Amino acid sequence: DDLLDKLDLYISSIHEERPGLVKKIRHSEQLGLTQARLTGWKAAVGDVVAILDAHIEVHVQWAEPLLARIKEDRTVILTPVFDKVDFDDLIVIPYMANADGFDWALWCRYEAFRPEWYALKDESQPGKSPSVMGILVADRKFFGEIGSLDGGMKTYGGENVELGIRVWLCGGSIEVIPCSKVAHIERFHKPYAPDLSALVRRNALRVAEVWMDDYKYNVEVAWNLPIGNHGIDIGDVSERKKLRERLKCKPFQWYLDNVYPMLELLQDLLGYGALINDRWPAECVDQGPAPGSTPILYGCHFFSSQHCYYLTDGKLYIGGIQSHKYSSNNCLVDPGSGVSPGLYQCNLAQQKKLHMFWDFKQGGQIQNRDTKRCLEVVLGDLYPRLVLQQCSGQRWTIQHVITAQKRHINSEKQVL
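Once you know that position 193 of the sequence shown is 193 in full-length UniProt numbering, the rest is easy, because the numbers rise by one and skip nothing.
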């Protein structure tokens, strides 16, 4: 209601003192975040356009540092620093300047700036960023020249990462401006859908198809989808691919090497997804309660806590896979005593010289290379549980197997 008659009255009151200052445009139907932003950009007439969330407040003199930087270089897309507004009491919590990154599922995350920024020892200087978090300021004409926003994105998610990758590959750059600050309130719930995952997944796959070349498999693996055959409608991407050709954009490898070298390729995989024992087909291996170091068997729901990854060197990750070189995955280990399997960060397991390498073929047993014990399932007092014991021939299957045709993922010639 506040965005209907009340908004009209408010704009009218502004126009009494500053006629024409505010231009209001309404869509006749809900088209989603990207289309709303595109409509605003198309209606803008100034030299510089700022695309903002509705749920932000700007700090005093937030615009001047942005305008000064664009005057220096019209090919840079800028974003301010976000302070957090607490949802319950509206207290503003200051945030430090950080780069805007993402994981292979294309969920956003904050990153440290590159080392060269810290070497400047001047926190007022712009910092290079792999992406934007959503709010951006740009030269209006350059924003159009480089393709504005992908109108094929639906509702929410991924559009900011797509912009970041495209700008870097096609002749521009992304920077965070520490001297420009806005205050952002995180909504208690998103109005678009109860669960945003399906929307972000679809948009992420669209980004991967247009911009990631042979590396698009990383997005499919991150979303636990079969490589090359995810079966999800991502819309028509032909015009975006033509845009990439017309702008003579660089390959995605250049982005990995020069912009986001901390992004870790999901390689050396033989299989991934849910890990299921043939005697208990409705139960999946699960990382268990976190924090904790004991994997469990739990009813299959196929979310991240049940995502497992078997590697060419014999490691078996449980509970997701990390997208960044500075992060450690959780490895299944045989502690060497007792019957319960363990789950430890792989670097810690290696330091402790725990038994962390397994032999596994699809449809066969999972046997530790050192102890020769097998990961098996026994019926406890109330429910089945994971144990390590002498191998009895129990068989396991993993949801997705990397076929011999997907050699670009693996550095070793081995298949399940």
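Where is the CB? At the ideal position from N, CA and C, for every residue including glycine. All of these numbers come straight from a predicted model, not from anything done at the bench.
Does the beta-carbon distance from residue i to residue j come in below 7 Å?
i	j	result
Lys-154	Gly-231	no
Leu-266	Val-200	no
Asp-344	Asn-329	According to the sequence displayed, residue 344 carries Tyr and not Asp. No.
Leu-52	Ile-135	yes
Gly-319	Gln-287	yes
Cys-346	Cys-374	no
Val-259	Trp-104	no
Leu-382	Pro-341	no
Gln-394	Asn-224	no
Val-285	Cys-308	yes
Arg-279	Ile-234	no
Gly-171	Ala-204	no
Leu-163	Cys-249	no
Pro-65	Ile-177	yes
Ala-43	Ile-25	yes
Leu-275	Ile-402	no
Arg-246	Val-210	no
Under the three-state reduction of DSSP, which class applies to residue i: helix, strand or coil?
i	result
Val-401	strand
Ala-68	helix
Ala-282	coil
Val-237	coil
Asp-334	strand
Cys-179	strand
Tyr-217	helix
Ser-12	helix
Thr-75	coil
Ser-392	coil
Asn-277	strand
Gly-20	coil
Glu-186	coil
Thr-39	helix
Glu-159	helix
Val-58	strand
Ile-232	coil
Ile-93	strand
Glu-123	coil
Ile-165	helix
Asp-1	coil
Asn-258	helix
Lys-6	helix
Gly-147	coil
Ser-293	coil
Phe-252	helix
Leu-416	coil
Leu-225	coil
Got a sec? Which residues, its chain only, sit under 7 Å from residue i by beta carbon, not counting five neighbours each side?
i	result
His-400	Pro-226, Gly-271, Tyr-272 and Gly-273
His-355	Val-333, Asp-334, Gly-336, Asn-368, Asp-370 and Thr-371
Arg-37	Ile-51 and Leu-149
Tyr-255	Ile-165, Trp-168 and Leu-169
Ile-409	With a pLDDT of only 49 at Ile-409, under the threshold of 50, the placement of this residue in the model should not be trusted, and no figure is reported.
Identify every residue that forms a DSSP beta bridge with residue i.
i	result
Tyr-298	Cys-284
Val-378	Arg-385
Cys-108	Phe-102
Pro-80	Ile-177
Tyr-272	Tyr-309 and His-400
Lys-128	Glu-175
Asp-139	Val-48
Gly-32	Thr-155
residue 492	Nothing in the structure corresponds to residue 492, since the chain is present only between 1 and 416.
Leu-263	His-324
Val-85	Val-92 and Ile-185
Taking 6 Å as the limit between beta carbons, can you name the residues of its chain near residue i, skipping five residues before and five after?
i	result
Gly-101	Arg-109, Glu-111 and Pro-130
Val-92	Asp-83, Val-85 and Ala-183
Gln-322	Asn-329
Tyr-215	Phe-252
Enumerate in chain order the residues of its own chain whose CB-to-CB distance from residue i is below 8 Å, with the five nearest sequence positions on each side excluded.
i	result
Gln-35	His-27 and Gly-151
Ser-411	Caution is warranted here: a pLDDT of 49 is assigned to Ser-411, below 50, making its placement in the model unreliable, and the coordinate value is therefore given only provisionally. Closer than 8 Å at Cβ, skipping near neighbours: Gln-267, Asp-268 and Thr-312.
Glu-123	Ala-97 and Pro-178
Val-378	Pro-384, Arg-385, Val-387 and Gln-389
Asp-8	Lys-24
Would you say the beta carbon of residue i is closer than 6 Å to some non-hydrogen atom of the ligand SAM?
i	result
Ala-44	For the ligand SAM, the structure offers nothing, since it holds no ligand at all.
Practice prompt. Kindly provide the ranges of any beta strand (DSSP E) runs that are 3 or more residues long and lie completely inside the segment 309–371, ordered along the chain.
Written response: Entirely contained in the segment 309–371, the beta strand (DSSP E) runs reaching 3 residues are, in chain order, 316–318, 330–333, 342–345, 358–360 and 366–368.
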